[in-house]
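Numbering (this note's numbering), first residue to last: 89 to 212.
We put the beta carbon where it would ideally sit given N, CA and C, even for glycine.
Computed from a prediction, not measured in an experiment: that's the story for all the values here.
Here is the structure we will look at, set down as structure tokens.
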């Protein structure tokens, strides 16, 4: 994904708290605490720290996420990634060196998650 493919950029050295809803692709390189919702792609940069609930189409993680993630398409954990929490996605790729501590559900249909607390809502 090239820099020109990103719709919004939350830069390094900044701290955001709240609820982020977007279309397309967003990259976070700072700190974010709260909820993220989109059918698009969330890119979490190598120095980024995200805490909360993430519900997206695709998550590309190079930084740190602590919370619950549900991706309707896929999750990609790069070698620098650190994920602590609950993951649900039909597809996941994990590079050697990535850290994953928690629970993973890869049923594919996304509907058999009675034990997972996250329900994605559409904000269209």
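Worksheet item: Where residue 152 and residue 171 are concerned, what is the direct C-alpha to C-alpha distance, given to the nearest angstrom?
Response: 6 Å
Item to complete: Count the other C-beta atoms from every protein chain shown that fall within 10 angstroms of the C-beta of residue 133, then say buried if there are 16 or more, exposed otherwise.
Response: buried
Practice prompt. Confirm, please, whether the CB-CB distance from residue 159 to residue 147 is below 8 Å.
Written response: yes
Fill in: Cβ shell of residue 190 (< 8 Å), same chain only, five flanking positions each side left out
171, 172, 173, 174 and 175
Practice prompt. Measure the alpha-carbon distance for residue 192 versus residue 101 and round it to whole angstroms.
Written response: 30 Å
Worksheet item: CB-CB under 6 Å to residue 187, same chain, minus the five flanking residues each way: which ones, in chain order?
Response: 170
Worksheet item: In terms of residues, what are the limits of the beta strand (DSSP E) holding residue 111?
Response: That residue, residue 111, is in no beta strand (DSSP E); it is neither H nor E in DSSP.
Discussion item. Run through the DSSP bridge pairs and tell me what residue 152 is partnered with.
Written reply: 137 and 170
Worksheet entry | Beta-carbon gap between residue 145 and residue 155 smaller than 8 Å | no
Fill in: Through-space distance from residue 179 to residue 107, alpha-carbon basis
25 Å
Worksheet item: How many Å lie between residue 136 and residue 94 at the Cα?
Response: 16 Å
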